[in-house]
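What follows is a single structure, written as structure tokens, with notes after it.
Numbering (the UniProt record's numbering), first residue to last: 1 to 201.
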């Protein structure tokens, strides 16, 4: 198993400089969902990589967990104004998923899809070079269903709704196609440092 470690904002321990505008620190891990929590067993979980509507690679749980594993410590920021510092995740970088599929990103945009019908749009540039992973463990434990287990997307530099829970596919799209919350008035990008919470922010 290949293990790599990443940490956020090295050398910066001052909470005030780690908090985006309008955020406050919490010590618990709030649970927010748009719908009831899907209960997907590891045996039933799959992850598919798509180019447009065409599947180009697919992994079951065992196959996915045989891919190179990475550890990542990051601050996370929810659009509802809470932030949690130094969260510890393990999973597979998007870079390593593409490498396993022998694929270079063919478009500039993606849609992440989840069990339960959720989706969110992300530029490819925000997923590569160690910026994002499909996380399967949190704080040293298997990811709980309430927090998106068995696997969720983790894109910690954007508001946390972009880190889609219960993720099961990543689809490359020719244009920036809005996802579930983006169609309902949330910002299409969601940079917490620019307070991009809603459409016109």
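Glycine included, C-beta positions come from ideal geometry on N, C-alpha and C.
Straight across, the Cα-Cα distance linking residue 32 with residue 193 is about 21 Å.
As far as DSSP is concerned, residue 168 takes part in no beta bridge. When the five nearest sequence neighbours on each side are left out, the beta carbons in the same chain lying within less than 6 Å of the beta carbon of residue 45 are those of 61 and 150, in order along the chain. For residue 86, no alpha helix (DSSP H) encloses it; the enclosing beta strand (DSSP E) starts and ends at 82 to 93.
If the five residues before and after residue 42 are omitted, its C-beta is found closer than 6 Å to the C-beta atoms of 61 and 150, all from its own chain and listed in chain order.
Cα atoms of residue 79 and residue 147: separation of roughly 16 Å, rounded to the nearest angstrom. Around the beta carbon of residue 66, fewer than 16 other beta carbons sit within 10 angstroms, so the residue counts as exposed. Fully contained in the region 135 to 189 are the following beta strand (DSSP E) runs of length 3 or more, in chain order: 152 to 154 and 167 to 173. Residue 37 sits close to residue 145, with the two beta carbons spaced by under 7 Å.
By the CB criterion at 7 Å, residue 68 and residue 95 fall outside the cutoff.
Sorting 180, 170, 201 and 190 by C-alpha distance to the C-alpha of residue 57 places 170 at the top. Residue 130 and residue 51 have their alpha carbons spaced roughly 21 Å apart. Taking 7 Å as the cut-off, the Cβ atoms of residue 172 and residue 76 do not count as close. Contact between the region 116 to 129 and the region 178 to 187 is present, with at least three C-beta pairs closer than 8 Å. When secondary structure is reduced to three states using DSSP, residue 42 falls in the coil class, being assigned neither helix nor strand.
Looking at 104, 195 and 164, the one whose alpha-carbon comes closest to that of residue 113 is 164.
With a contact defined as Cβ atoms closer than 8 Å, residue 47 and residue 64 qualify at about 6 Å.
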